[in-house]
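>
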Amino acid sequence: MKRLTTLALIVGLCTVVGLFLSSGLEDVAAAVVSAGWGALFVVAARAVAVAWAGLGWFVIFPKMERPALPACVNLRFVREGINTLLPVATVGGDFVGARLLTRRGVTGGLAGASMFVDLMTQALTQLLFTVAGLGILVWLAGDGPVVRAVAGGLAIAAPAVGAFYLIQRRSGHRLIQALVSRFASGREWRALGAIDVLYDNLRRLYGQPTRILSGIAIHLVGWLIGTLEVYVCLHFMGYPVSFAEAVIIESLAQAVRGAAFAVPGALGAQEGGLIALCAIFGIPAEAALALSLVKRLADLLVGVPGLIAWHLMERGTEAEESEERAAELGRRLGAVLQPATLGPLYSYAPPRNAYAPSLSEAERGDLKKCA
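Numbering (full-length UniProt numbering), first residue to last: 1 to 371.
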């Protein structure tokens with residue numbers, strides 16, 4: 001898998017370089033500069049969207065076992081940083097986030113189940129967001145190559161989302177085991193508990209449709225927050241689009257990123273997708289590449305703090321585990337080194353008569369007289 005990831009990364013980098021060279025580096029740089037304060041707005045919108053997604057994770061927990069909202073938000077930034085900046089599949093950070101959640105008083109089975117349910121609500125809302133973007137595109141521009149390509153992708157994505165749901169609801173133990181073994185290390189899996197416990201918690205979470213619907217509604221709003229990135233950035237660059245057009249660009253670009261999950265950071269796929277989508281509305285390739293660069297700047301400025309937080313959390317976790325091991329070792333040594341358990345060879349003085357021959361009654365009487 002590492003070789004395939006490396007190969008995909010190389011192909012993505014070559015694609016990006018080719019697109020930038022063909023569009024002209026100076027033109028792309030000028031478009032990025034023209035974004036100005038819009039770039040900062042994109043970063044702020046991304047941070048708000050990630051925090052909002054943390055709220056979507058928070059609401060699916062049972063009220064009596066719910067972690068603190070700041071914990072869900074902070075770990076959502078960790079998940080985002082790992083998924084966007086590290087050469088892992090786009091769900092690698094989610095397993096890490098679930099494991100770290102167990103350090104905040106949530107049982108392993110519930111943390112793992114909440115992660116799967118949160119992924120399900122995100123996948124479903126992204127599918128709905130893509131369908132909405134495709135519908136608006138057909139309404140505004142009619143049929144075309146982009147419409148047919150996206151429709152073909154949806155024909156594959158919709159059954160995949162349905163299968164992911166059925167795996168969690170039916171006898172999908174083996175598939176979940178394979179998925180966890182594939183994307184999570186042994187340390188993550190041990191923290192999330194046994195498969196049976198995981199499925200018990202999945203049934204509990206899906207048994208509360210109000211919480212699931214709340215998570216879906218929150219994630220749908222989160223996708224609309226992401227639309228503001230496109231809307232504001234293009235306006236600052238001098239290519240004003242309507243909000244409906246921004247929904248088309250953002251929704252279908254996110255669909256392209258999702259389809260290229262095997263490529264770290266969707267390198268090349270995001271840039272090519274934005275060029276094709278922006279061209280529908282007369283936006284040149286250099287502006288589309290500038291928009292992609294601004295989005296990647298947001299990936300960096302929002303993701304790096306998440307990675308730093310992850311590092312600090314792991315250090316704290318290792319320190320706690322070391323203290324627990326030391327305390328356990330101390331308890332065991334304390335039990336071993338009790339005075340009552342010390343044998344003759346470990347005493348400061350040997351037990352009386354341990355090594356001396358027995359004394360006769362007469363000798364004992366003489367000793368008493370001397371005393």
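Cβ atoms here follow ideal geometry from the backbone N, Cα and C, with glycine treated the same way.
Based on Cα-Cα distance, which residue from 72, 291, 316 lies nearest to residue 275?
Comparing Cα positions, the closest option is 291.
> Mind checking which residues open and close the alpha helix (DSSP H) that includes residue 107?
No alpha helix (DSSP H) contains residue 107, which DSSP labels as neither H nor E.
> Please report the Cβ distance between residue 79 and residue 97, rounded to the nearest whole angstrom; I am assuming they are in contact, meaning their Cβ atoms lie under 8 Å.
Confirmed, Cβ separation roughly 4 Å.
> Rank 139, 93, 48, 110 by C-alpha distance to the C-alpha of residue 376 and give the top, closest one.
Here the chain has residues from 1 to 371 only, and residue 376 is not among them.
> In chain order, which alpha helix (DSSP H) runs of at least 4 residues are fully inside the stretch 203-251?
209-236, all fully within the stretch 203-251.
> So, is residue 38 buried or exposed, given that buried needs 16 or more other C-beta atoms within 10 angstroms?
It counts as buried.
> Please list, in chain order, all residues of the same chain as residue 280 whose beta carbon is under 7 Å from its beta carbon, the five residues on each side excluded.
Hits under 7 Å: 141, 146.
> What would DSSP say about residue 149, mapped onto helix, strand or coil?
Helix, per DSSP.
> Report all residues from its chain with a CB closer than 7 Å to the CB of residue 257; omit the five preceding and five following residues, and keep chain order.
Taken in chain order, the residues that qualify are 266, 269, 270.
> Name the residue from 43, 11, 31, 168 whose alpha carbon lies nearest to the alpha carbon of residue 284.
Selected option, being the one with the closest Cα: 31.
> Take residue 228 as the anchor and find which of 16, 8, 44, 36 has the nearest alpha-carbon.
For the residues 16, 8, 44, 36, the minimum Cα distance to residue 228 belongs to 44.
> Give a yes or no on whether the C-beta atoms belonging to residue 100 and residue 313 are separated by under 8 Å.
Yes; because the gap between Cβ atoms is below 8 Å, this pair is in contact.
> Are at least three pairs of beta-carbons, each pair with one atom in the stretch 215-223 and one in the stretch 113-132, less than 8 Å apart?
Yes, the stretch 215-223 is in contact with the stretch 113-132.
> DSSP on residue 262, reduced to helix/strand/coil?
Residue state, collapsed to three classes: coil.
> Restricting to Cα atoms, I'd like to know which of 299, 244, 52 is closest to residue 86.
Closest by alpha carbon: 299.
> Using only the alpha-carbon positions, how far apart do residue 107 and residue 246 sit?
Taking the straight line from one Cα to the other gives about 41 Å.
> Determine the closest residue to residue 221 out of 204, 72, 53, with distance taken between C-alpha atoms.
Of the candidates 204, 72, 53, the one whose C-alpha sits nearest the C-alpha of residue 221 is 53.
> Would you mind working out which of 223, 303, 130 sits nearest residue 154, comparing C-alpha positions?
Of the candidates 223, 303, 130, the one whose C-alpha sits nearest the C-alpha of residue 154 is 130.
> Quick check on residue 143: buried or exposed, where buried means 16 or more other Cβ atoms within 10 Å of its Cβ?
The residue is exposed, with fewer than 16 neighbouring Cβ atoms inside 10 Å.
> Restricting to runs no shorter than 4 residues, where is the alpha helix (DSSP H) found entirely within the stretch 34-59?
Here the runs fully enclosed are 37-58.
> In three-state DSSP terms, what is residue 157?
Residue 157 falls in the helix class under three-state DSSP.
> Report the option in 207, 76, 6, 139 whose CA atom is closest to the CA atom of residue 304.
If we check each option's Cα against that of residue 304, 76 comes out closest.
> Buried or exposed, going by whether 16 or more other CB atoms sit within 10 Å of the CB of residue 84?
Answer is buried; the Cβ neighbour count reaches 16.
> Since residue 204 contacts residue 62 with CB under 8 Å, what's their CB separation in whole angstroms?
Right, their Cβ atoms sit about 7 Å apart.
> What separation, rounded to the nearest whole angstrom, lies between the Cα atoms of residue 197 and residue 112?
Going from the Cα of residue 197 to the Cα of residue 112 covers about 10 Å.
> Classify residue 14 as buried or exposed, calling it buried when 16 or more other Cβ atoms lie within 10 Å of its own Cβ.
Exposed, by the Cβ-count rule.
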